[in-house]
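Enquirer: My questions will all concern the structure given below.
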């Protein structure tokens, strides 16, 4: 019975499974090649350079697909959400440009604002269109197209970065590879849902009504994302402050090794969203007992037993000290995998504010612990701060779920 349930889940998510497996494999291969070609220090520098745009664009636009998905109607025009993406992206671009003209730019590994950095920031505007496209694909149940978009974009990123840095192992070429990825991702995402554009039906009154309709959920999700970016992206900045670029490279490498857990979650998030957007119910207890628990045991054993081997295979002996922070981060990410579905239930029951409260707990816990543990234990202390923060957040969210939604 357990096997039949697993087969049923895998049958429903086969496109997403193949897509995320491909993405995880390519991403790990990319990390392996990048760290070997660029070296520990340069890898630390490029990590810091992409941190600022990641912080700003995530704060203003990440999970905007959820906004579109929850507020979407059959007669809605996708053009409205694209225009909204464009406005947000341009605003995020301006914030990045202003910040990088301030003295604090050095904290992000950027001493001078070269033209290739400006072009990279502009490409992130184009990438914002992907959020609306993903929402429409999920709503229409076109998970195969969703999977193709994700896989193809990551494949292009891999080729662009590896070809460029193999030709000349510079920070500039790495950023140029990221620029190609962002541009491709945004443009192809539009092409996949172009039939829904209906430009002739676009009008500013309709756009104004669209903004009014999405404002409540947009406000909640934006606050949620702004609160959540502190631990997930400021951690590398904290490491750079208390140590050096090499330590940033070691810590970031450990974090990248844990990221396949995020890919697992990325398999089931759109699938669960598609189900909840139509059915509003799902046998979550069976999913937990028959699928998630065995999966978590398998993942944990893999990292503990084969962790050092994977580090040497993907990186080199230089990165062997990533093993400890990797296992520490594993604690938090396993808890995240176990409870990822709670956010979707809160979202579709208009209780997303409680996820935001959990993020507030998460962020303040991280800030407090990172100062206490980071100065004493270096990147291991930062990793422990992040894991403890994640676990506390998920415990809080589970309590909310049990009290308000569980029957």
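Numbering (this note's numbering), first residue to last: 207 to 613.
Every residue gets a Cβ at the ideal spot worked out from N, C-alpha and C, and that includes glycine.
Everything numeric in this text was worked out from a predicted model, so none of it was measured.
(1) Rounding to the nearest angstrom, what Cα-Cα distance links residue 600 and residue 532 in this structure?
(2) Which residues bound the alpha helix (DSSP H) around residue 587?
(3) What do you reckon, are the CB atoms on residue 335 and residue 419 nearer than 7 Å?
(4) Does DSSP put residue 518 in a helix, in a strand, or in coil?
(5) Taking only three categories from DSSP, how would you classify residue 348?
(6) Please confirm whether residue 447 and residue 453 have their CB atoms less than 7 Å apart.
(7) Report, in whole angstroms, the separation of the C-beta atoms of residue 381 and residue 255, which I expect to be a contact under 8 Å.
(8) Which first and last residues belong to the alpha helix (DSSP H) in which residue 379 is found?
(9) Leaving aside the five residues before and after residue 222 along the sequence, list all residues of the same chain whose C-beta is less than 8 Å from its C-beta, in chain order.
(10) Along the alpha helix (DSSP H) that carries residue 552, what are the first and last residues, could you check?
(11) In three-state DSSP terms, what is residue 622?
(12) Among residues of its own chain, excluding the 5 on either side of residue 505, which ones have a beta-carbon nearer than 6 Å to its beta-carbon?
(13) Give a yes or no on whether the C-beta atoms belonging to residue 383 and residue 370 are separated by under 7 Å.
(14) Restricting to Cα atoms, I'd like to know which of 339, 364, 261, 266 is closest to residue 230.
(15) Does the segment 283-297 come within contact of the segment 325-333, defined as at least 3 CB pairs closer than 8 Å?
(16) Entirely within the segment 302-350 and at least 4 residues each: give me those alpha helix (DSSP H) ranges in chain order.
(17) Would you call the CB atoms of residue 517 and residue 509 closer than 7 Å?
(18) Mind checking whether residue 563 and residue 464 have CB atoms under 7 Å apart?
(19) Given a threshold of 16 other Cβ atoms within 10 Å of its Cβ, counted over all protein chains shown, does residue 515 qualify as buried or as exposed?
(20) Ends of the alpha helix (DSSP H) at residue 461?
Expert: The structure says:
(1) 20 Å
(2) 558-610
(3) no
(4) If DSSP states are grouped into helix, strand and coil, residue 518 belongs with the helices.
(5) coil
(6) No; because the gap between Cβ atoms is not below 7 Å, this pair is not in contact.
(7) Indeed, because the Cβ distance is near 6 Å, the residues count as touching under 8 Å.
(8) 377-398
(9) 349, 352, 353, 472, 473, 474, 476, 477
(10) 547-554
(11) No answer is possible for residue 622: the residues shown for the chain start at 207 and end at 613.
(12) none
(13) yes
(14) 364
(15) yes
(16) 321-333, 335-345
(17) No, the Cβ-Cβ distance between residue 517 and residue 509 is not below 7 Å.
(18) no
(19) exposed
(20) Run containing residue 461: 451-464, per the alpha helix (DSSP H) assignment.
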